[in-house]
Amino acid sequence: MASSTPTEFSPGLVRTSPHRELLKRLPLRNVDRLLLFSTISLAIIGVIMVFSATRADTPSTYYLKRQLFFFVIALLVLFAGMSFDYRKIIPYSKIIYAFALFLLLIVLLFPARGGAHRWITLGVFDPQPAELAKLAVIVMLATYISDRRMEMTSNKEFMQALGIALVPMFLIFLEPDLGMMISVFAIAVGMLLVGGAKAMQMAALGAVTLVSLVASVQLNLLKDYQLSRLLTFIKPDMDPLHTGYNLVQSKIAIGSGQFIGKGLFRGTQTNLKFIPEHHTDFIFSVVGEELGFIGAAILLTLFAILLWRAFKIALTAKDAFGTMLAVGIVLMLFFQILVNIGMTMGIMPVTGITLPFVSYGGSSLLVNFFCIGLLLNIGMRRFPQGT
Amino acid sequence: MIKRAGLRIKPDETTYYKPDAAQENLQKRIAFLGIFILVAFAVLFTRLWFMQIVSGDEYKKKAEGNRIREISIEAPRGRILDRNGRVLVKNRNALTIAIVPAELKDQKEEVIGRLSRLLSMGEKEIAYKIEKSQAPNRRAVQVKSDVGEEIVTYVREHQREFPGVIAGTTPVREYPYSFLASHVVGYLGEINPQMLKEKADKGYVAGDEIGLSGVESTYDEELRGVDGNYRLEVDAQGNKVGDEISRKEARAGYNLELTVDQDVQALVEDALKTGVANARGRQDPESPKTYQATGASAVVMDPKTGEIIAMASYPTFNLNDFVGGIKEKTWKGLNNPKNNYPLNNRAIMSELPPGSVFKVVTAMAAMEEHLYNINSTFYCSHVYTAGAFKDYPKYCWSTHHGVNLFQGIVHSCDIVFYEIGNNFYGRQGTNTGKTLWEYTREWQLGKKTGIDLVSEMDGRVPSPQWKKEFNKDNPEYQVWYPGDTVNMAIGQGDILSTPLQIAYLYSGLANGGKFVRPHLIKSFQGVEGEVVRNAEPEVAAELDCDQANLNFVIQALTGVVQGGGTAAATFEDFPLAQIPVAGKTGTSEIAGKQPTAWFVCFAPVNDPKYVVTVAIEEGGHGGESAAPVARRILEGLFGLPAQGEIRPSVGD
Chain E
1 MASSTPTEFS PGLVRTSPHR ELLKRLPLRN VDRLLLFSTI SLAIIGVIMV FSATRADTPS
61 TYYLKRQLFF FVIALLVLFA GMSFDYRKII PYSKIIYAFA LFLLLIVLLF PARGGAHRWI
121 TLGVFDPQPA ELAKLAVIVM LATYISDRRM EMTSNKEFMQ ALGIALVPMF LIFLEPDLGM
181 MISVFAIAVG MLLVGGAKAM QMAALGAVTL VSLVASVQLN LLKDYQLSRL LTFIKPDMDP
241 LHTGYNLVQS KIAIGSGQFI GKGLFRGTQT NLKFIPEHHT DFIFSVVGEE LGFIGAAILL
301 TLFAILLWRA FKIALTAKDA FGTMLAVGIV LMLFFQILVN IGMTMGIMPV TGITLPFVSY
361 GGSSLLVNFF CIGLLLNIGM RRFPQGT
Chain U
1001 MIKRAGLRIK PDETTYYKPD AAQENLQKRI AFLGIFILVA FAVLFTRLWF MQIVSGDEYK
1061 KKAEGNRIRE ISIEAPRGRI LDRNGRVLVK NRNALTIAIV PAELKDQKEE VIGRLSRLLS
1121 MGEKEIAYKI EKSQAPNRRA VQVKSDVGEE IVTYVREHQR EFPGVIAGTT PVREYPYSFL
1181 ASHVVGYLGE INPQMLKEKA DKGYVAGDEI GLSGVESTYD EELRGVDGNY RLEVDAQGNK
1241 VGDEISRKEA RAGYNLELTV DQDVQALVED ALKTGVANAR GRQDPESPKT YQATGASAVV
1301 MDPKTGEIIA MASYPTFNLN DFVGGIKEKT WKGLNNPKNN YPLNNRAIMS ELPPGSVFKV
1361 VTAMAAMEEH LYNINSTFYC SHVYTAGAFK DYPKYCWSTH HGVNLFQGIV HSCDIVFYEI
1421 GNNFYGRQGT NTGKTLWEYT REWQLGKKTG IDLVSEMDGR VPSPQWKKEF NKDNPEYQVW
1481 YPGDTVNMAI GQGDILSTPL QIAYLYSGLA NGGKFVRPHL IKSFQGVEGE VVRNAEPEVA
1541 AELDCDQANL NFVIQALTGV VQGGGTAAAT FEDFPLAQIP VAGKTGTSEI AGKQPTAWFV
1601 CFAPVNDPKY VVTVAIEEGG HGGESAAPVA RRILEGLFGL PAQGEIRPSV GD
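Sequences listed follow chains E and U, in order.
Each residue of the first sequence is one higher than the one before, counting from 1 in my numbering.
Each residue of the second sequence is one higher than the one before, counting from 1001 in my numbering.
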């Protein structure tokens, strides 16, 4: 009986019973608890900080309630992301991609808010199609790259893979949402790099990017505020009352938090509204001001743990699609964390990218939790099944 | 299980493809990404450390600066009172229109245009006031003071059209008598950059009003008090949040009680004005014109205490012109040479040759050196030709024939003093006794009296050494001639003194050689009238001179106002028996100008209470122009009925 299955588990090597081994390989037992813990911790910190940032508004619990509600939904979405074998996505990747492009097109027909067509106005909940598009690009690229065994054998393939990112990037540019566009690009570049692009191809891409960047500035393709935001990043004191004002105030908030912070709900920069958009783009400034270096360092550490676990999942995934999907998600989260926190501390341009899990906002919370769901999904299914 | 339509690779290959061949390559690529992420996190951590730990204090200060607005509470400026507590200068609230330049933003021109129409002021004038002001941009610049109530109401009701414009009340100076004692009191104006630099550590800030002349300037720090402030927590829009954080009440400036008597001051100013008018009606025998009387000043001083009872300067100015910022046109008028500089306090700023009023110093020096005594005789034949003066004769204004030193003072005979001067010149270089200029300096000429007023001039006491330095670029003018000493002996030549210095000189004389420094402050008082500080009389010098000689000179001075004295006609019918007066006339010459009329006196001689000094520049002779003014002042000081018409005394 014991040696009826001859292949993988030779009794000589494995001392535990095959039954227990099989149990060990059951997906739910292999959920990465550290990843789950850091994600939920970040989201809880986020809910508290959003409340701290918006207490002064009326009604004072409006944002708190909404963020709590989204958090609960996000937990469901996370489990949804785990519930099916991630490989089932592969056949749908084109459909998901096409649907995302479709939404990016119709969002342009919705009324602009603050000069940008970013939201599909549903009333209760206004999703941002670009958030979905980001995920769609990751899925589509993961499929495409894994189809090609993680090798760009020809420049044509490289171009096609790049094209997958460029089309939604163009539509996002039309909204316009420069920050989102750049993050899609960053994800694509990272995935191509890991997905087997050749050094020459990457170099060519770098050169073309540089040229088009210069050209877009020269040809005035960027809106004035986009350009000035990028410029004030270089020298924020140039015009502190306008574009650089946010940045200067954010830095004051973080710096004045010092080691232990001013205390939760006691940030003066936050409470007296010196930091604009403090519950979304500048939530990290609130953390820095109220919780100090200790709080901000804990937050950064949680992010670091999250990315480390995600990395591990990418490396141990049982197939190329899983690896690429995890890499894409890692890139997406990392890029947002870096740009957002860097922005609040004045070392990255002001681009309107929010901080994953912490900033207020339903769309991004749901998408990010779904992504963590997918990561856990890939991680818990890392063992070949049925054997 | 998984359907892949149109797939070139078999399903199993795809789904279970583990990149074995590329495994190493893949790990390298992922590691590259990992290192990149690690570096990025290290950067974020480092940046966080630098901001919160290294520069935390700095950011904290900025955060506090954001959060806290400090609003200044202006301390009311102290009032200025006369010696009897009567108010010379007070404060009132004026309805004013002010502009905060920083809040004009891009609407500067429109707002100035609207204000121009509303206030009937030129746009240029408003712009000039804004630009001229040194105040930091957040501080209000006063545009117009004493506007009508309807204008204030209009601006407040249409505040949206007037961003950055403040319609409100500001405490301003009020001068009930406009012209009274304007030189003593002084005017206020905005602090200039240089003063700001000097006074920055005393709490002065740009845009502050500061006393620019008179006691307003000397005692500015005491008068201005200490501004208070309160601190508020504000949000990003500048709205007040919560309660006041702290409050420091302003301490009102001290009230300044002057030694000046308002009534005497008014009397002196009036007498001086009349004296100038009379001089201007008098024919100058040496020119086809009447006397110009370009300026005049008078000082009444208590020789024992150094208190200035009155100090007047002509022409004068209206202090109320300076309230709320002086109009450009008025300011230019006050500085136009044609108007003889009304802002100058001539009692301390006019450096004039003292002429014959100086002769008392020469006489004292001659007797102290035992060169002469009061009875030494001289002969005045109108011309002096002794020794070196054979080829350069010097003349007396009259012909006095045989005179002694006593009569020389009474009649102001120049020959007497030429001879004394020549005698002093003869001793030069022999190292015997003191020189004439040394005596002059002892009698406190050639240096500031130290009165509590700004802009006091030094005057000048010439000496061979001074002459050498003064002409250091022209060696041929460096020689000290006999004429230099001789001219000085009659108060001519290079010697210069201010009217206050002459008043001080005669105070010392009247006071037995004791010089009590002239001053205008009697006390500082708190808001309740309690005395915070009393001025103590300061003895600046006490001369060790023979009291007998001093008495001879004083005796001679009493002869000036009676009998054949040079001011006798003017003091006709003056009750000299009750109020003995010692005086001296003087007529000093300045090349190219009409003579300055001097008269200085003190009374009562036995117990001097007042020294009265009058100088009328280009006003003619002392006896005819200055002495009548002094008599009018003495009448007022001693409560005598005013003489209907005071006669001028012809002569020196």
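All residues carry an ideal CB built from backbone N, CA and C; glycine is no exception.
Is residue i near residue j, with beta carbons less than 9 Å apart?
i: E:L272; j: U:A1236; result: yes
i: U:D1208; j: U:E1222; result: no
i: U:T1274; j: U:R1632; result: yes
i: U:V1172; j: U:S1213; result: no
i: U:E1307; j: U:E1125; result: no
i: E:F357; j: E:F369; result: yes
i: E:I145; j: E:G190; result: no
i: U:T1290; j: U:R1282; result: yes
i: U:G1563; j: U:S1497; result: no
i: U:S1217; j: U:G1168; result: no
i: U:G1586; j: U:S1356; result: yes
i: U:Y1418; j: U:Y1384; result: yes
Under 8 Å by Cβ, that's how I've got residue i and residue j pegged, so tell me the actual separation to the nearest angstrom.
i: E:L42; j: E:L302; result: 5 Å
i: U:I1073; j: U:Y1230; result: 7 Å
i: U:E1149; j: U:L1095; result: 6 Å
i: U:P1608; j: U:F1602; result: 5 Å
i: U:I1099; j: U:V1141; result: 5 Å
Run through DSSP, which three-state label would residue i get?
i: E:D85; result: coil
i: U:H1411; result: helix
i: U:K1090; result: strand
i: U:L1496; result: strand
i: U:G1078; result: coil
i: U:K1144; result: strand
i: U:F1389; result: helix
i: U:F1552; result: helix
i: E:N368; result: helix
i: U:F1378; result: strand
i: U:V1516; result: strand
i: U:V1561; result: coil
i: U:D1719; result: The structure shown does not extend to residue 1719 of chain U, since chain U is modelled only from 1001 through 1652, so no value can be given for it.
i: E:L375; result: helix
i: E:I32; result: One detail in the question is off: residue 32 of chain E reads as Asp in this sequence, not Ile. It is coil, neither helix nor strand.
i: U:R1533; result: strand
i: U:V1226; result: strand
i: E:F282; result: coil
i: U:T1432; result: coil
Strictly below 9 Å CB to CB, what residues from chain U border residue i?
i: E:I347; result: V1043, L1044 and R1047
i: E:G328; result: Under the 9 Å cutoff, chain U gives no residues; its nearest Cβ is about 11 Å from E:G328.
i: E:G342; result: A1040, V1043, L1044 and R1047
i: E:I311; result: Correcting the residue type first, residue 311 of chain E is Phe in the shown sequence and not Ile. Neighbours of E:F311 on chain U, chain order: I1030, L1033, G1034 and I1037.
Going along chain E in order, which residues have a C-beta closer than 9 Å to the C-beta of residue i?
i: U:Y1059; result: K251, I252, A253, I254, G255, S256, G257 and Q258
Going along chain U in order, which residues have a C-beta closer than 7 Å to the C-beta of residue i?
i: E:A314; result: I1030
For residue i, which residues in chain E fall below 8 Å Cβ to Cβ?
i: U:K1062; result: I252, G255 and S256
i: U:A1052; result: Strictly speaking, residue 1052 of chain U in this sequence is Gln, with Ala absent from that position. Correct list: I254, G255, G257, Q258, F259, G288, G292, F293 and A296.
i: U:G1066; result: Here the sequence assigns Asn to residue 1066 of chain U, which means Gly is not the residue at that position. Simply Q249, I252, T268, Q269, L272 and F274.
For residue i, go through chain U and note every residue whose CB falls closer than 8 Å to its CB, in chain order.
i: E:A304; result: F1041
i: E:G444; result: Outside the shown range of chain E, which is 1 to 387, sits residue 444 of chain E, and nothing can be said about it.
Show which residues of chain E have a CB atom less than 7 Å away from the CB atom of residue i.
i: U:I1037; result: L307 and F334
i: U:L1118; result: Chain E residues near U:L1118: none, gap ~30 Å exceeds 7 Å.
Check your understanding: Taking Cβ-Cβ distances below 8 Å as the criterion, which residues of the stretch 1218-1246 of chain U are in contact with chain C?
Key -> As a matter of chain content, chain C is missing from the structure shown, whose protein chains are E and U.
Exercise for review: May I have a chain-ordered list of the beta strand (DSSP E) segments no shorter than 3 residues that lie completely inside the stretch 1163-1198 of chain U?
Suggested key: Considered as a whole, the stretch 1163-1198 of chain U harbours 1165-1174 and 1188-1190 as its complete beta strand (DSSP E) runs of no fewer than 3 residues, in chain order.
Check your understanding: Considering only residues of the stretch 1290-1367 of chain U, which uninterrupted alpha helix (DSSP H) runs meet the minimum length of 4 residues and lie entirely inside it, listed in chain order?
Key -> Listed in chain order, the complete alpha helix (DSSP H) runs (minimum 4 residues) inside the stretch 1290-1367 of chain U are 1328-1334 and 1346-1349.
Check your understanding: Residue ranges of each alpha helix (DSSP H) run of no fewer than 4 residues wholly in the stretch 1566-1651 of chain U, ordered along the chain?
Key -> List check, alpha helix (DSSP H) in window: 1627-1637.
Practice item. Just list the alpha helix (DSSP H) runs in the stretch 244-272 of chain E, keeping only unbroken ones of 4 residues or longer that don't cross its boundaries, in chain order. Key: DSSP runs (the alpha helix (DSSP H)) wholly in the stretch 244-272 of chain E: 245-257 and 268-271.
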